[in-house]
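Below: one structure, written as structure tokens.
Protein chains in written order, with the working numbering: chain A, 1 to 245; chain B, 246 to 448; chain C, 449 to 728.
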């Protein structure tokens with residue numbers, strides 16, 4: 001997140017992402033969209049987020065792409081299918097649909113993943129607030145992002161504690177099912193009850209105060225941000241004009 | 246009874262939203278650790294919708310998918326499913342459907358239908374009928390047997406959804422029953438779950 | 449200038465039949481440190497919740513009587529306004545962090561951000577508070593990862609950041625070790641010197657005797673005794689109402705030689721007294 005790309009203002013990156021998404025959806029064919037994958041891979045390299053990018057991509061998107069091909073080309077009945085074996089057949093139309101669909105998914109997913117991988121949530125909430133998003137909304141985002149890892153590690157602690165009390169976590173299905181509620185229950189109940197005090201704590205920090213808020217954390221747009229934003233807008237307008245013609 | 250959004254989004258409800266999302270995540274992680282064959286990732290949404298109403302429930306569902314989507318963008322597509330689950334469940338709670346067995350059964354069935362249909366829409370139109378999970382094999386089997394893609398996906402969803410919805414709901418239900426009364430009183434929708442018989446709410 | 453006036457305040461929690469605070473009437477003056485003592489369930493925390501406005505807004509229930517802060521009815525204050533007038537610190541340090549910020553520096557500033565304090569002012573104030581509360585090494589840490597004592601100090605700093613005139617502390621040291629307890633009471637002293645009104649709920653009666661000017665004793669929801677620390681904490685009637693007396697006082701009472709407010713409240717006072725006697 002400390003790379004040149006990481007330091008770009010969130011809105012800039014958002015506009016670029018949006019541009020890519022729009023272009024990917026509305027351009028016919030599939031080559032341009034597929035190219036987005038290596039393009040964003042290169043961006044990830046520059047931003048130092050290659051590992052996350054490839055990890056997330058292959059864990060989710062890649063599998064979906066494979067399955068789409070399998071489903072559309074070999075299994076779904078189309079008019080032009082040529083049987084191969086049993087219910088498996090080959091369909092040219094299916095292939096075309098797959099290419100179109102998967103290329104779009106690849107491009108859009110690559111863009112979105114790269115955006116979130118190179119932008120700190122803190123920066124996103126700052127940019128949102130600066131743009132006028134109400135505090136309650138950014139509160140939800142910040143609070144959730146912070147709370148999840150806390151609850152996660154807390155659940156591990158509780159799991160270990162329950163295990164030492166004799167709750168079985170291995171074995172038959174019934175045993176494992178019976179272990180679930182005692183493991184999750186205490187965590188949920190205690191976090192729900194803490195909510196009460198957390199509300200009081202937030203009130204003590206003037207959470208409900210009306211009026212303009214300020215921020216001790218600042219983020220500035222650099223010259224590069226402005227250049228990229230202007231470029232994005234120009235490209236978008238150019239693209240729209242080109243498609244309409 | 247007319248109730249505005251402001252009424253629903255009290256500070257108490259607002260603070261419960263991150264808790265609900267975290268419960269979704271932790272529930273899912275735990276089910277993975279225990280290698281349970283069910284998708285237990287909606288406990289938080291349902292739980293929160295029960296005690297804070299449909300709109301807050303809907304936001305909980307949405308936020309859960311947004312946070313997930315930051316790592317795996319496909320979650321963004323399915324946000325509508327979580328939102329609907331939270332929304333419908335909240336209304337069921339508000340109309341006190343969860344207070345008796347018949348209501349619970351019908352409610353669960355309704356939730357299953359709602360989530361199955363909305364998920365099917367996303368799966369078919371965004372992802373060509375696949376989800377990347379094991380259930381795709383079931384879908385493929387249906388398609389191979391001659392059914393249209395849409396029907397196959399829907400059937401798969403309804404079948405796998407039945408168990409999922411019931412488990413998610415049951416756990417949320419068990420936990421809600423254990424929440425102490427004095428906490429429920431502070432919530433605008435907590436009344437149906439207060440255990441003290443004939444309790445008079447002062448003020 | 450009178451700060452907080454309560455007149456005939458009654459309060460009943462929703463779902464409860466008994467009143468938790470009965471006919472409470474008192475006037476808290478500016479600049480004094482008040483010790484609120486009494487056994488558990490005597491209504492101390494409830495009373496403070498009322499003063500802070502958490503009751504009835506968040507707790508609901510039936511509240512009767514008049515509560516005036518700086519001459520205005522408490523209900524006329526916006527809840528955001530109240531936060532900068534009456535600060536509140538809780539027993540449990542683990543739930544006092546906002547959960548919104550990922551480092552202590554911004555955590556302290558959060559309250560000020562919410563009321564719109566300009567950035568330069570915030571930076572100045574946070575730096576002041578970090579020094580006052582000895583938080584220098586913790587500034588970059590995630591608030592979730594602090595120990596109980598550290599969380600309590602950060603929470604106090606965050607509350608003081610809003611510069612409230614009144615500070616309510618509900619058993620701030622109950623979950624802390626002796627060193628952290630010392631730190632907290634050092635802070636009470638600093639606040640006292642700044643002229644703030646402090647209402648302290650504490651069971652550590654020896655510390656109450658050392659730091660508080662006035663004592664309020666609550667028993668079953670009623671205000672049964674009140675007055676200067678010297679008068680209240682040397683009166684054996686306190687024990688009948690479920691309150692405690694400082695060790696030194698108990699000793700001297702048993703001895704029987706000294707009476708009333710001749711009895712020293714703290715070890716320090718006792719030593720001074722003995723030395724004075726010895727000089728005579």
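By construction, the Cβ of each residue, glycine as well, lies at the ideal position given by its N, Cα and C atoms.
Neighbourhood of residue i by C-beta, 8 Å cutoff - its chain only, sequence neighbours within 5 removed
{"i": "residue 392 of chain B", "result": "400"}
{"i": "residue 247 of chain B", "result": "Confidence at residue 247 of chain B is low in this model, with a pLDDT of 47, below 50, so the placement of that residue should be treated as unreliable; the coordinate-derived value is given next. Cβ within range, chain order: n/a, list empty."}
{"i": "residue 711 of chain C", "result": "682, 696, 697, 700, 701"}
{"i": "residue 335 of chain B", "result": "294, 295, 297, 298, 299, 300, 301, 302, 303, 434"}
{"i": "residue 431 of chain B", "result": "257"}
Cβ shell of residue i (< 6 Å), same chain only, five flanking positions each side left out
{"i": "residue 462 of chain C", "result": "508, 509"}
{"i": "residue 398 of chain B", "result": "365, 368, 369, 374, 384"}
{"i": "residue 253 of chain B", "result": "298, 300, 301"}
{"i": "residue 680 of chain C", "result": "663, 673"}
{"i": "residue 324 of chain B", "result": "307, 310"}
{"i": "residue 7 of chain A", "result": "none"}
{"i": "residue 12 of chain A", "result": "225, 228, 229"}
{"i": "residue 37 of chain A", "result": "106, 110"}
{"i": "residue 197 of chain A", "result": "none"}
{"i": "residue 14 of chain A", "result": "none"}
Expected contact under 8 Å - CB spacing of residue i and residue j to nearest Å
{"i": "residue 437 of chain B", "j": "residue 343 of chain B", "result": "7 Å"}
{"i": "residue 405 of chain C", "j": "residue 530 of chain C", "result": "Outside the shown range of chain C (449 to 728) lies residue 405 of chain C, about which nothing can therefore be said."}
{"i": "residue 458 of chain C", "j": "residue 470 of chain C", "result": "6 Å"}
{"i": "residue 363 of chain B", "j": "residue 380 of chain B", "result": "No, residue 363 of chain B and residue 380 of chain B are not in contact; Cβ-Cβ is about 16 Å, not under 8 Å."}
{"i": "residue 554 of chain C", "j": "residue 217 of chain A", "result": "6 Å"}
{"i": "residue 269 of chain B", "j": "residue 290 of chain B", "result": "6 Å"}
{"i": "residue 691 of chain C", "j": "residue 671 of chain C", "result": "12 Å between Cβ atoms; not a contact."}
{"i": "residue 519 of chain C", "j": "residue 455 of chain C", "result": "13 Å between Cβ atoms; not a contact."}
{"i": "residue 82 of chain A", "j": "residue 69 of chain A", "result": "Incorrect: roughly 16 Å between the Cβ atoms, too far for contact."}
Own chain residues within Cβ distance below 7 Å of residue i, not counting five before or after
{"i": "residue 99 of chain A", "result": "30"}
{"i": "residue 684 of chain C", "result": "701"}
{"i": "residue 48 of chain A", "result": "3"}
{"i": "residue 333 of chain B", "result": "355, 356, 359"}
{"i": "residue 255 of chain B", "result": "433"}
{"i": "residue 409 of chain B", "result": "283, 284"}
{"i": "residue 598 of chain C", "result": "586"}
{"i": "residue 19 of chain A", "result": "232, 235, 236"}
{"i": "residue 703 of chain C", "result": "none"}
Residue i Cβ short of 8 Å to the ligand HEM heavy atom set
{"i": "residue 50 of chain A", "result": "In the structure on display, the ligand HEM does not appear, and there are no ligands present to speak of."}
Checklist entry - Which runs of the alpha helix (DSSP H) spanning at least 4 residues fall entirely within the stretch 279 to 338 of chain B, listed in chain order? => result 288 to 297, 299 to 314, 319 to 322
Checklist entry - Between the stretch 158 to 176 of chain A and the stretch 572 to 579 of chain C, do three or more beta carbon pairs fall short of 8 Å? => result no
Checklist entry - Do the stretch 58 to 67 of chain A and the stretch 273 to 284 of chain B make contact, defined as three or more Cβ pairs closer than 8 Å? => result Touching, no.
Checklist entry - Should the stretch 200 to 208 of chain A be called in touch with the stretch 529 to 541 of chain C, which here means at least 3 C-beta pairs below 8 Å? => result yes
Next on the checklist: For the stretch 498 to 520 of chain C, list every residue whose C-beta sits within 9 Å of some C-beta in chain B, in sequence order.
Outcome noted: Those residues of the stretch 498 to 520 of chain C that come within reach of chain B (Cβ to Cβ, closer than 9 Å) are 504, 506, 507, 508, 509, 510, 511.
Checklist entry - Which ranges would you report for the beta strand (DSSP E) in the stretch 63 to 117 of chain A if only whole runs of at least 3 residues count? => result Under the rule that a run must span 3 or more residues, the beta strand (DSSP E) segments found entirely inside the stretch 63 to 117 of chain A read 82 to 85, 88 to 90.
Item to check | Positions along the stretch 106 to 128 of chain A whose CB lies within less than 7 Å of some CB in chain C | outcome: 122
Item to check | Contained alpha helix (DSSP H) runs [length at least 4] in the stretch 540 to 619 of chain C, N- to C-terminal order | outcome: 552 to 563, 567 to 580, 596 to 608
Item to check | Touching by the beta-carbon criterion (3+ pairs, under 8 Å), the stretch 30 to 46 of chain A and the stretch 146 to 166 of chain A | outcome: No, they do not touch.
Checklist entry - Mind listing which residues of the stretch 397 to 416 of chain B have their C-beta closer than 8 Å to chain A's C-betas, in chain order? => result 416
Item to check | Contact list for the stretch 462 to 482 of chain C against chain B, Cβ threshold 7 Å | outcome: 462, 463
Next on the checklist: Residues of the stretch 381 to 398 of chain B in Cβ contact with chain A at a cutoff of 7 Å, in chain order, please.
Outcome noted: 381, 385, 388, 389, 394
Next on the checklist: Assess contact between the stretch 542 to 560 of chain C and the stretch 480 to 500 of chain C, defined as three or more Cβ pairs (one per stretch) separated by less than 8 Å. Is contact present?
Outcome noted: Contact fails: fewer than three Cβ-Cβ distances are below 8 Å.
Item to check | Interface positions of the stretch 191 to 208 of chain A facing chain B (Cβ-Cβ less than 9 Å), listed along the chain | outcome: 191, 192, 193, 194, 195, 196, 198, 199, 202, 203, 207, 208
Checklist entry - Taking contact to mean at least 3 C-beta pairs separated by less than 8 Å, is the stretch 234 to 245 of chain A in contact with the stretch 259 to 267 of chain B? => result no
Next on the checklist: Tell me whether the stretch 11 to 26 of chain A and the stretch 107 to 119 of chain A touch, counting them as touching only if at least three CB pairs, one residue from each stretch, are closer than 8 Å.
Outcome noted: yes
Item to check | Residues of the stretch 325 to 341 of chain B with Cβ closer than 7 Å to any Cβ of chain A, in chain order | outcome: Answer set for the stretch 325 to 341 of chain B: empty.
Checklist entry - Which of the residues in the stretch 424 to 438 of chain B, read from start to end, lie with their CB under 8 Å from any CB of chain C? => result 426, 427, 430, 431
Item to check | Touching by the beta-carbon criterion (3+ pairs, under 8 Å), the stretch 589 to 603 of chain C and the stretch 641 to 658 of chain C | outcome: no
Item to check | Sequence ranges, beta strand (DSSP E) only - wholly within the stretch 461 to 522 of chain C, length at least 3 | outcome: 469 to 477, 481 to 485, 510 to 517
Checklist entry - Along the stretch 11 to 23 of chain A, what residues have a CB closer than 7 Å to any CB found in chain B? => result none
Checklist entry - Of all the residues that make up the stretch 163 to 194 of chain A, which are near chain B by a beta-carbon distance shorter than 7 Å? => result Of all residues in the stretch 163 to 194 of chain A, 169, 176, 177, 179, 180, 181, 183, 184, 185, 187, 188, 189, 191, 192, 193 have a Cβ within less than 7 Å of some Cβ in chain B.
Checklist entry - What are the residues of the stretch 56 to 84 of chain A that lie near chain B, defined by any Cβ-Cβ distance shorter than 7 Å? => result 56, 60, 63, 64, 67, 68, 71, 72, 75, 76
Checklist entry - Taking a cut of 8 Å between CB atoms, which residues from the stretch 563 to 578 of chain C lie near chain A? => result 563, 564, 565, 566, 567, 570, 571, 574
Checklist entry - Where in the stretch 154 to 240 of chain A do unbroken runs of the alpha helix (DSSP H), each at least 4 residues long, occur, reported from the N-terminal end onward? => result 173 to 204
Checklist entry - Quick one: complete alpha helix (DSSP H) runs, 4+ long, within the stretch 399 to 432 of chain B? => result 426 to 429
Checklist entry - Curious, which full-length beta strand (DSSP E) runs of at least 3 residues does the stretch 642 to 672 of chain C contain? => result 645 to 649, 662 to 667
Checklist entry - If contact means a Cβ-Cβ distance below 8 Å, which residues of the stretch 263 to 280 of chain B contact chain A? => result 263, 264, 266, 267, 268, 270, 271, 272, 274, 275, 276, 278, 279, 280
Item to check | beta strand (DSSP E) runs contained entirely in the stretch 670 to 709 of chain C, provided each spans 3 or more residues | outcome: 670 to 676
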